[in-house]
Each structure stands twice: as C-alpha cells, then as structure tokens.
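A.B. asks:
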Amino acid sequence: MEQNIENNDWKKEAPFLAGLPVRNAFSVPEGYFEGLSVQISGAVYLESLKDVEHAGFTLPENYFEGLGESIHAKLIAERLKEEIPNEGLIVPVNYFDDLQASILAKTTGAPQPKIVRLWHSKLLKYASAACFLIMASAGLYFNYQSPAQPVNYAELAAEQMLFDIDEDVIIDHIEANGMQEQKVANTKDAALESYILSNYSQSDLTTDY
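Residue numbers (full-length UniProt numbering): 1 to 209.
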C-alpha cells in the first residue's frame with residue numbers, strides 16, 4: 001500500500017517520465033552471451049595490434065624495375081590463352097582404326113638389309129697385301145740407307161776388363177806405382193849429388209852458390 005502511494009507521488013512530480021512506456025533497461029541482444037567470448041578475444045587482439053610498430057606497406061627488392069616486364073609478360077600470356085583454343089591433344093580421323101594395319105604393314109613389309117662381308121671381298125685382300133708389301137719395302141729401304149756405326153771392340157774389351165778387376169787390386173796397383181816413382185826420384189837425387197861431389201870442390205860450390 002505504501003509502495004503504491006510512493007509511486008503515485010513521483011508520477012505527480014514527473015508526469016512526462018511517468019508517461020513513458022515501461023520496459024527493462026538491462027536487456028541484451030539475442031545470442032549476446034554465446035558470442036561474448038569471441039568478441040572479447042577480438043577486442044584484445046585489436047588492442048595488441050595498436051602497440052605493434054608498423055612501417056607501412058613493404059615491397060620486394062627491385063619491384064618497380066621489373067614491374068613493366070612482369071605486366072607485359074602477363075598480358076602476352078592472357079592473349080595467347082585467348083587465341084589458342086584449349087582443345088588438348090588431337091589425332092587424325094580414324095587414327096586408332098587404321099593403327100594396327102599400319103603397324104603390320106611397316107613391320108612385315110620392311111625390306112631386309114643386305115649384309116656385305118668385307119673379309120670375303122677380293123678387293124680388300126689385294127689392298128691388304130699391297131699395304132703389307134709397301135710397309136716391308138719401306139722398312140728395308142730405310143734400314144739399308146742408314147749407315148752402320150763402327151764398333152770399337154778393343155775399347156769394349158778394355159772396359160769389360162776394368163769392370164771385372166777387383167777394386168782392391170786396382171788400389172794396390174796405384175799405390176805400388178806411387179812408391180816406384182818415389183824411389184826413382186830418390187835415385188836421381190842421390191846420383192846427382194854424387195856427381196857434384198866428385199867433380200866440384202868445396203870452394204867451387206861455395207863460390208858458385
């Protein structure tokens with residue numbers, strides 16, 4: 001009862017507000033809570049994108065240098081597609097019907113090649129004999145034309161004897177020759193001294209030297 005009295009009091013004080021239709025101010029659209037998690041995730045993602053530093057649009061290296069050629073190549077490719085019909089591979093009319101007959105005609109009617117045996121030819125035999133004679137004659141000719149070098153058999157024999165002699169024998173022979181020459185030199189000196197002493201006096205030697 002008291003609540004109705006209070007409602008009537010504010011209606012008298014605010015007649016315009018009281019004349020508005022009564023409705024729920026906290027109403028939500030249909031399916032609001034079903035898609036609420038998706039909307040929250042999208043809002044969070046958009047906020048994170050604001051923090052990312054973006055340098056604007058980027059282009060590949062040398063993009064504008066090859067842009068004209070790329071556009072021209074694409075135009076040519078499109079024009080070729082329009083001019084050339086895409087019919088795939090084609091074969092002549094009745095190709096498969098006549099295929100078996102054509103294959104048989106090419107395989108059975110082909111002429112057999114003639115085999116020529118070279119070793120049974122008389123011309124080849126005569127040519128081989130002539131080549132052999134020419135080579136043999138040339139070898140004999142150059143052999144007789146080249147002068148034979150004289151061989152000194154004495155020198156060969158002496159060298160062979162030196163190879164056969166033992167090294168110790170050669171060393172002994174050299175040492176013996178050296179001692180004999182020394183003896184001859186000593187003998188000559190003694191004879192010369194004896195001749196001088198027998199033919200010259202001491203005063204002559206002192207005066208001359």
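Beta carbons are placed, not taken as given, at the ideal position from N, Cα and C, and that holds for glycine.
How many angstroms separate the CA atom of G35 from the CA atom of S48?
C.D. replies: Cα to Cα, the separation comes out at about 20 Å.
A.B. asks: Measure the alpha-carbon distance for S27 versus A77 and round it to whole angstroms.
C.D. replies: C-alpha separation (whole angstroms): 60 Å.
A.B. asks: Using the three-state DSSP reduction, which class does Y126 fall into: helix, strand or coil?
C.D. replies: Three-state DSSP puts Y126 in a helix.
A.B. asks: Cβ-heavy atom distance between A77 and the ligand GDP below 7 Å?
C.D. replies: By its list of ligands, the structure shown contains no ligand whatsoever, and the ligand GDP lies outside what it can speak to.
A.B. asks: Roughly how many whole angstroms lie between the Cα atoms of V38 and F57?
C.D. replies: If you take the alpha carbons of V38 and F57, they lie about 29 Å apart.
A.B. asks: Grab me the residues of G66's own chain with a C-beta within less than 6 Å of its C-beta, minus the 5 sequence neighbours each way, in chain order.
C.D. replies: Nothing meets the Cβ criterion.
A.B. asks: Consult DSSP for N8 and reduce its assignment to one of helix, strand or coil.
C.D. replies: Three-state result, N8: helix.
A.B. asks: What does the alpha-carbon distance come out to for the pair R79 and F64?
C.D. replies: Approximately 23 Å, taken between the alpha carbons.
A.B. asks: When you compare only the Cα positions, how much space is there between D9 and A18?
C.D. replies: In a straight line, the C-alpha of D9 is about 11 Å away from that of A18.
A.B. asks: From which residue to which residue does the alpha helix (DSSP H) around residue 216 run?
C.D. replies: Outside the shown range of the chain, which is 1 to 209, sits residue 216, and nothing can be said about it.
A.B. asks: Over the uninterrupted alpha helix (DSSP H) stretch that includes V44, give me the two end residues.
C.D. replies: Counting along the chain, the alpha helix (DSSP H) containing V44 begins and ends at L36 to D51.
A.B. asks: Taking the continuous alpha helix (DSSP H) assigned at T58, which residues delimit it?
C.D. replies: Premise fails: T58 is in no alpha helix (DSSP H) and is neither H nor E.
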